[in-house]
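**Q** If you use the UniProt record's numbering, the sequence shown corresponds to residues 1 to 803, in order. Cβ coordinates follow ideal geometry from the N, Cα and C atoms, glycine included. Values in this document were obtained by computation on a predicted structure and should not be read as measured data. The structure that follows is given in the form of structure tokens.
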Amino acid sequence: MQPSQPTLPLFSSSILPTPSLSDLATYNTPHDLLALPTSTTEISVFRLSGQIAFVVRPKLRSEHAAITALQWKPDGSAIAVGWSDGAYGIYDGGTGRVVSEGGVGGVGKGEWRLDLHPPAEEDEEDEVEGRAVRGFGWEVHSTGSGGKRRAGLEGLLGNEDVDTETWGEGWESEGLGKNGLEGLKSRLADLPRAIAVMDGTKVLPRLSALPAHGMRGGVDGSRFGTKAATDAAFETKGEDDAGTVDVLFVCTEAGEVQVLLDETVPIGNFTLASKPLLHASHPQSSTHAFLSRYQSDQIQLHAQTLPLGTLGGALLHTTSRDTTRVSNLLSYILQTLRCTTHDFTTSLALPTRLIQNISLTLSESSPPQGDLIHNLTHLAVTGTFKPALLEWLSDIVKEPGHKRWDAAVTTLYANVQQHMFVHLLPALDRLSIAVTSLHGHAKYHDGAAAFDVHAQLFTNILEGIDALRMIAYKVLTICMREWALWRTFSKWLRVMIDISIAGPGSKTALEMEEKEAGGLDVGAVMEYVGEVFMGSQLADYVSVLPGFGGAVDSKDAFFTHPVVQAQSHDATLKAVEKAAKEESPRNVPEGDKAVVNLQAIAVSLAGNVRVAMERLAVWQGRLLEKPSPPVQVDGAVGAKMHDMRMLNPVGAESQLALLSTEDGKLRLTVGLSTTDIGESASIDTIGEALDAKFMDDRTAICLCRHPDGFCLLAINPPHSAQSEAEPALDHRVLHHFPADDAFQPASLVVGGRDRKEVVVVFSGDGRSWRTYDLAAGLRGVGDGAGDQGWDDDDAGEDTMDLR
1 MQPSQPTLPL
11 FSSSILPTPS
21 LSDLATYNTP
31 HDLLALPTST
41 TEISVFRLSG
51 QIAFVVRPKL
61 RSEHAAITAL
71 QWKPDGSAIA
81 VGWSDGAYGI
91 YDGGTGRVVS
101 EGGVGGVGKG
111 EWRLDLHPPA
121 EEDEEDEVEG
131 RAVRGFGWEV
141 HSTGSGGKRR
151 AGLEGLLGNE
161 DVDTETWGEG
171 WESEGLGKNG
181 LEGLKSRLAD
191 LPRAIAVMDG
201 TKVLPRLSAL
211 PAHGMRGGVD
221 GSRFGTKAAT
231 DAAFETKGED
241 DAGTVDVLFV
251 CTEAGEVQVL
261 LDETVPIGNF
271 TLASKPLLHA
281 SHPQSSTHAF
291 LSRYQSDQIQ
301 LHAQTLPLGT
311 LGGALLHTTS
321 RDTTRVSNLL
331 SYILQTLRCT
341 THDFTTSLAL
351 PTRLIQNISL
361 TLSESSPPQG
371 DLIHNLTHLA
381 VTGTFKPALL
391 EWLSDIVKEP
401 GHKRWDAAVT
411 TLYANVQQHM
421 FVHLLPALDR
431 LSIAVTSLHG
441 HAKYHDGAAA
451 FDVHAQLFTN
461 ILEGIDALRM
471 IAYKVLTICM
481 REWALWRTFS
491 KWLRVMIDIS
501 IAGPGSKTAL
511 EMEEKEAGGL
521 DVGAVMEYVG
531 EVFMGSQLAD
541 YVSVLPGFGG
551 AVDSKDAFFT
561 HPVVQAQSHD
571 ATLKAVEKAA
581 KEESPRNVPE
591 GDKAVVNLQA
601 IAVSLAGNVR
611 VAMERLAVWQ
621 GRLLEKPSPP
631 VQVDGAVGAK
641 MHDMRMLNPV
651 GAESQLALLS
661 TEDGKLRLTV
671 GLSTTDIGES
681 ASIDTIGEAL
691 DAKFMDDRTA
701 ICLCRHPDGF
711 CLLAINPPHS
721 AQSEAEPALD
731 HRVLHHFPAD
741 DAFQPASLVV
751 GGRDRKEVVV
761 VFSGDGRSWR
771 TYDLAAGLRG
781 VGDGAGDQGW
791 DDDDAGEDTM
801 DLR
């Protein structure tokens, strides 16, 4: 080695108390963040300085699940996490909040629930062999449609808000312009797409967060628990992103690959038939490359071509947007109903306990003193206390008990009213808009392959939405009426408690009774006692329907269940009209309870949404082409694959570059494609090559071990790989790790923006890592760098392009 060893400027050095899964580490280039699984169930995201930015703590579906895959979105806005049980989650790239969660296995698989059981509380599923998520392929493609708007539309479509008034003002101010009729035709050609991608929900206020009030909310509870999380859940692609296609591939150990649009909409599956190792893509290429290891230890290359023109069209843009909204809004609605039932049940705990106490006393009294309703009615009419009631009011309820009772019932009605008016009804309105849009596409393309989904599927959903909306308004009406009656009854009850404590017939009691007599509405008190006191009418609408729950294992069993079969908009309408004709409100008849129960209607709605989503997934899956036949990579049998990169496409077919090691020798394969096995050659390095990663199309960074320690090399391969008889010698030492250093590097991650590149080097046990300024070394800035002949002018210009 040279007397003066080169070193890179050190950004940070970090040590963890326990080993990490450093082989899954991934770097967020746009924001300079390092995501690292610090345990099998937790991901810590570190800044360049080594400080923790945030922590992702996913909720596990099974007890023994462990993190098996990790990948940032190219723009750094999200991070994908895969698990050994086949589950995966998408989390916000700035906060770690859950954006969406799913599982490999295809849409439509799994049990059909007959209740609103929170997803996080589902029974643990056994891990299926080969189901573990082993990698992600994430790319944001540009279809060109968003950037090819005609000049005449720049002023109109460049803004976020595009409406008919803006278009009208544009015509009035510009007229036909210099191009006359041709300019008019040019503008009109873009009008259909502009209308299609417009988002009418932007004028609506944002949905509110859902307060849990102590309820175990599951996944949806964390998604909608705060305002920021709720806003993030409903943030979808805007008009400015209409020219892009956001694709996510989820790869399992068995070779099954699930394809999603916009991170949430499954559009199909395909199989690699071997264990996936690496993925490569490019924003300007429609081809995604997958490297996999076959059973005989052979390395195969697969390619999946995406129809970007179709996926980026206005139809797919709107259907993907609306499908995502339907899924998110349904989750929001179901969580709202869970919160409503929870608040209703918990608020009744104290009043129920007090009422049961006096009811038990009255049932055991001798001689009999009647039931509680009889005693309260007698007290309201005559002002006379029966002994048991007097003792209950003066010794058990008293003033503190009344305050707690009043607070509980007031909270009940306030929460139910808020859930209906603030949460449920606005969400139903937005869900109607999204489903109506999909229904319109289905009607317009009826019988055509362009949108092969029956309109009746969306009609069923709309009927369920209307039924829910109808019952929500009914619940609001009951809530307002009962709340008003409760306020009157509570005021009267407080007076009776004070009289019972002062002693009936005493001077104080008589003065109190005379003072309050004018402000008490005895008629309303008796109405509350007779109709509401022993049981609110809300119970039939917001509580869990008795005998309805659990799960079935098939769609047929779900839709043939008597409660689900009974659901229809007409049945709900008839039940509500029948209740409105009653002279005085009463409990819902037994035969109508199923069609007015919010949870039962929501379960039916969720089933209809699932059927529609399955059909949409089948239609979208037809858009995908079959993967190309696998190609065996030359000279890669038994080799360890480190990195694969798709080069900037020049022609019709994308070229790949592959870095691998075999027996400690670094091997480079260039010109690789599904039709060409490329050229492979050994790269001469110093000592044994441990790991290697591409920095860009022209440079790779290699970690080597030699007798004097470890070193980082910058590999600048030639245009075409040399033969093994003529190894390439174009490498330069960037950094030297002394042999006596306690830090023993074993792997590396390369990232960073142009001319701000960094390299993160991990120790063998994963407990420590160091972050170095790679850009400074490439520019020749660093201790000993001058001995290597680097200068600022040559740093980014004279490196050899892999192409």
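(1) Exposed or buried, L210, counting other C-beta atoms within 10 Å across all chains shown (16 or more means buried)?
(2) Just tell me which of L348, L545, A314, Q418 has its CA closest to the CA of V245.
(3) Give the range of the alpha helix (DSSP H) segment to which E527 is assigned.
(4) To which residues does DSSP link Y772 through a beta bridge?
(5) Three-state secondary structure (DSSP) at G591?
(6) Under 9 Å, do H117 and D85 count as touching if we go by C-beta distance?
(7) Please report the straight-line C-alpha distance between L598 and T410, rounded to a whole angstrom.
(8) Report the CB separation of G268 from S292 in whole angstroms; it is logged as a contact under 8 Å.
(9) Would you mind sorting M480 into buried or exposed? The rule is 16 or more other CB atoms within 10 Å of its CB.
(10) Would you identify the three-state DSSP class for Y294, choosing helix, strand or coil?
(11) Flag this pair as yes or no: are the beta carbons of L659 and F710 separated by less than 9 Å?
(12) Residues in the same chain with beta-carbon distance under 8 Å from T18, minus the five sequence neighbours each way, listed in chain order, please.
(13) Since residue 812 is in the alpha helix (DSSP H), which residue starts that stretch and which ends it?
(14) What is the rounded straight-line gap between the Cα of A600 and the Cα of T341?
(15) Looking at the unbroken beta strand (DSSP E) that takes in E139, where does it start and where does it end?
(16) Using DSSP with H/G/I as helix, E/B as strand and the rest coil, what is I686?
(17) Can you tell me where the alpha helix (DSSP H) holding D492 begins and where it ends?
(18) Can you tell me where the beta strand (DSSP E) with K275 in it begins and where it stops?
(19) Can you tell me which of the three DSSP states M644 falls into?
(20) In three-state DSSP terms, what is T18?
(21) Quick check on DSSP: helix, strand or coil for L666?
(22) Check whether the stretch 373-384 and the stretch 429-442 touch, using three or more Cβ-Cβ pairs below 8 Å as the test.
(23) Can you tell which of D395, I471, L656, E511 has its C-alpha closest to the C-alpha of E577?
(24) Just tell me which of W483, V760, N648 has its CA closest to the CA of L8.
(25) Going by the CB atoms, is the gap between A681 and C704 shorter than 9 Å?
(26) Sort T226, R216, H213 by Cα distance to R206 and report the nearest one.
(27) Using a C-beta cutoff of 9 Å, does A594 count as contacting chain C?
(28) My understanding is that G401 touches L354, with C-beta atoms under 8 Å, so please give their C-beta distance in whole angstroms.
(29) Measuring CA to CA, which of F559, R469, A617, A408 is closest to S347?
(30) Distance, Cα to Cα, V563 vs V56?
(31) Can you check whether the CB of T377 is closer than 9 Å to the CB of V529?
(32) Roughly how many angstroms lie between the CA atoms of T771 and F46, to the nearest whole one?
(33) Short of 6 Å in beta carbon distance, which residues of its chain neighbour S14, apart from the five on each side in sequence? Order them along the chain.
(34) Shortest alpha-carbon distance to E111 belongs to which of A557, G671, E391, R645?
(35) Nearest-angstrom Cα distance between L656 and L24?
(36) State buried or exposed for P707, treating a residue as buried only when at least 16 other CB atoms are found within 10 Å of its CB.
**A** Once the coordinates are examined:
(1) buried
(2) A314
(3) 522-531
(4) L10, V759
(5) helix
(6) no
(7) Taking the straight line from one Cα to the other gives about 21 Å.
(8) Contact flag wrong, Cβ pair sits at about 18 Å.
(9) exposed
(10) coil
(11) no
(12) Scanning its chain for C-beta atoms nearer than 8 Å, with the 5 sequence neighbours on each side dropped, one finds around T18 the residues T38, S39, R767, in chain order.
(13) Nothing can be reported for residue 812: it is not among the residues displayed for the chain, which extend from 1 to 803.
(14) Distance from the CA atom of A600 to the CA atom of T341, rounded to whole angstroms, is 12 Å.
(15) Start and end: 133-142.
(16) I686 falls in the coil class under three-state DSSP.
(17) A small correction: the amino acid at residue 492 is Trp; Asp does not occupy that position in the sequence shown. Counting along the chain, the alpha helix (DSSP H) containing W492 begins and ends at 455-502.
(18) First-last of the beta strand (DSSP E) with K275: 275-280.
(19) strand
(20) coil
(21) Strand, per DSSP.
(22) no
(23) I471
(24) V760
(25) no
(26) Looking at T226, R216, H213, the one whose alpha-carbon comes closest to that of R206 is T226.
(27) Absent here is chain C; the protein component of the structure consists of one chain.
(28) 7 Å
(29) A408
(30) Answer to the nearest angstrom: the Cα atoms are 40 Å apart.
(31) Going by C-beta atoms, V529 is nearer than 9 Å to T377.
(32) 11 Å
(33) G50, W769
(34) A557
(35) 22 Å
(36) exposed
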